[in-house]
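**Q** Right, I'll just put the structure down here and ask away after.
In this note's numbering, the protein residues as written are 20 to 439.
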């Protein structure tokens, strides 16, 4: 088993699941190699007998600007690293699972994996496999974007959070990923987090039969039900970035006269920390630390501005007994609201969001408790357990295996790169 991701150490997201999968496979004595773009310095994985292979590179935000401009589109060193590993160590029973690639490894990764594409699974943790900016979101108009990726409307639209020249760079990278992944049918297995992702990828040109949904595994933040009915503080957990909507949570709680605890880190941390006395910003915390912090919470806020593909934190909080107030565009919103464990609203509308918070704050104690109990008992059905997730992945891998040996790679494959 070869697990591939930009990073070797996780703070959640795609890397968290990549690392988790490696641990779960090793628990079954499956040989695992972890290939990553950073320095591969994860002693926990190494101690489990996982072979660590790292590029020892920096991600796009940390790298020198000119270098990042080139390597973000095509990281030749990453392609050579992966191609050389395949040439030296691949077997007919080796399966490759790609998690994250857009921060270090780049679309060049898929050129290197092309000879083993029939035994490769690609996990769509976000929309970068289809949309140039990875979110189907227009950062300038603050609206969900339904334009066809790389179509005329997409190319002409200045949707990037920085500038139109940066959008052009994203278009170059996006055309690479569509050419090297979408156009290569041998990459026949793309894992989605939620069924609603399929429409976006099909609209980008992926054939439906290539798409399989396996919902993320979820572990509760608290084993015991949090008594939400006894608390009065709202909590936001996640990356402090524009698309996650933390600014909307800050504004709505201020308008509603409510208190907000913000757990996480990111570019907007200075703004959040200076938002006023009603906000308590505690920074990044481990899973266990979050479980302690949220014992004071009445509900989780998940005001994502883009179509949130899964919203792992929403189910983690619900499994701990916290009701959820979330963006109506989140893919989980309909299910969670129907189950009576969440309220969905237009969280980008400050008044509507604040009104929802006020209404929730004024609900009788017994109604909040009922929501909390429903969340605690019913939310496990919305996701996988670790074991269910592991077994679903293994089933996909076994279906891909063939008895045909992989043809030997030449130096040309390893060095040619993306551009012809």
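The C-beta atom is built at its ideal place from N, Cα and C for all residues, glycine as well.
Under 8 angstroms between the Cβ atoms of residue 351 and residue 379?
**A** no
**Q** When the Cα atoms are used, what is the spatial distance from residue 256 to residue 317?
**A** Computed Cα separation, rounded: 13 angstroms.
**Q** My guess is that residue 388 and residue 358 are in contact by the Cβ rule of under 8 angstroms, so how many angstroms apart are they, rounded?
**A** Actually they are not in contact, since the Cβ atoms of residue 388 and residue 358 sit about 16 angstroms apart, beyond 8 angstroms.
**Q** Please confirm if the region 226-246 is in contact with the region 400-410, defined as three or more CB-CB distances below 8 angstroms between the two stretches.
**A** yes
**Q** Apart from the five residues on each side of it in sequence, which residues of its chain come closer than 6 angstroms, Cβ to Cβ, to residue 207?
**A** Once the five neighbours on either side are set aside, the close Cβ partners of residue 207 are 229.
**Q** Between the C-alpha atoms of residue 314 and residue 120, what's the straight-line distance to the nearest angstrom?
**A** 35 angstroms
**Q** DSSP three-state label for residue 407, please.
**A** Reduced to three states, the DSSP call for residue 407 is helix.
**Q** Could you give the DSSP three-state label for residue 155: helix, strand or coil?
**A** coil
**Q** How would you label residue 434, buried or exposed, when you count the other beta carbons within 10 angstroms and need 16 or more for buried?
**A** Note that residue 434 has pLDDT 29, beneath the 50 cutoff, so the model's placement of it is unreliable and the number below is only indicative. Exposed, since its Cβ has fewer than 16 Cβ neighbours within 10 Å.
**Q** If you draw a straight line from the C-alpha of residue 319 to the C-alpha of residue 107, how long is it?
**A** 48 angstroms
**Q** For the structure I just gave you, are there three or more beta carbon pairs, one from the region 53-71 and one from the region 134-141, closer than 8 angstroms?
**A** Segments in contact, no.
**Q** By Cβ distance, which residues of its chain are closer than 7 angstroms to residue 273, with the 5 residues on each side in sequence left out?
**A** 295 and 297
**Q** Would you kindly check if the distance between the Cβ of residue 176 and the Cβ of residue 125 is under 8 angstroms?
**A** no
**Q** Taking residue 319 as part of the alpha helix (DSSP H), name the residues at either end of that continuous run.
**A** Here residue 319 belongs to no alpha helix (DSSP H); instead the beta strand (DSSP E) covers 316-321.
**Q** What span of residues does the alpha helix (DSSP H) with residue 279 cover, start to end?
**A** Residue 279 -> not in any alpha helix (DSSP H); beta strand (DSSP E) instead, spanning 278-282.
**Q** Taking Cβ to Cβ, would you say residue 322 is nearer than 8 angstroms to residue 390?
**A** no
**Q** Consult DSSP for residue 245 and reduce its assignment to one of helix, strand or coil.
**A** coil
**Q** Are there three or more Cβ pairs, one per stretch, closer than 8 angstroms when the region 142-158 is compared with the region 216-225?
**A** A contact exists between the region 142-158 and the region 216-225.
**Q** Assign residue 75 to buried or exposed, taking buried as 16 or more other Cβ atoms, counted over all protein chains shown, within 10 Å of its Cβ.
**A** exposed
**Q** Per DSSP, which residues does residue 253 bridge with? Please list them.
**A** Within the DSSP bridge table, the entry for residue 253 names 279 and 318 as partners.
**Q** State the Cα-Cα distance for the pair residue 201 and residue 259, rounded to the nearest angstrom.
**A** 31 angstroms
**Q** Distance check for residue 92 and residue 195, CA to CA, integer angstroms please.
**A** 7 angstroms
**Q** Measure the beta-carbon distance from residue 127 to residue 97 and round it to whole angstroms, keeping in mind my assumption that it falls under 8 angstroms.
**A** About 6 angstroms; that satisfies the 8 angstroms criterion.
**Q** Using DSSP with H/G/I as helix, E/B as strand and the rest coil, what is residue 362?
**A** strand
**Q** According to DSSP, simplified to helix, strand and coil, what is residue 236?
**A** strand
**Q** Once you ignore the five residues that flank residue 291 on each side, which residues in its own chain have a CB closer than 7 angstroms to its CB?
**A** 259, 265, 269, 281, 298 and 300
**Q** Along the chain, which unbroken stretches of the alpha helix (DSSP H) at least 4 residues long are found entirely within the region 88-167?
**A** Within the region 88-167, the complete alpha helix (DSSP H) segments of 4 residues or longer fall at 95-108 and 127-132, listed in chain order.
**Q** Just the C-alpha distance for residue 376 and residue 68, rounded to the nearest angstrom, thanks.
**A** When only Cα atoms are considered, residue 376 and residue 68 end up about 48 angstroms apart.
**Q** Got a sec, what are the start and stop residues for the alpha helix (DSSP H) residue 380 sits in?
**A** 369-380 is the span of the alpha helix (DSSP H), which, as asked, contains residue 380.
**Q** With C-beta atoms as the reference, is residue 345 less than 8 angstroms away from residue 398?
**A** no
**Q** Can you tell me the Cα-Cα spacing of residue 101 and residue 54, whole angstroms?
**A** The alpha-carbon atoms of residue 101 and residue 54 are separated by roughly 8 angstroms.
**Q** Among 241, 278, 415 and 371, which has the Cα closest to the Cα of residue 335?
**A** Out of 241, 278, 415 and 371, 241 has the C-alpha closest to the C-alpha of residue 335.
**Q** What residue ranges within the region 39-89 form continuous alpha helix (DSSP H) runs of no fewer than 4 residues, ordered along the chain?
**A** 62-66
**Q** Can you list, in chain order, the residues of its chain with a C-beta nearer than 6 angstroms to that of residue 215? Leave out the 5 residues immediately preceding and following it.
**A** 350
**Q** Which first and last residues belong to the beta strand (DSSP E) in which residue 300 is found?
**A** 298-302
**Q** Taking DSSP as the reference, what is the three-state secondary structure of residue 226?
**A** coil
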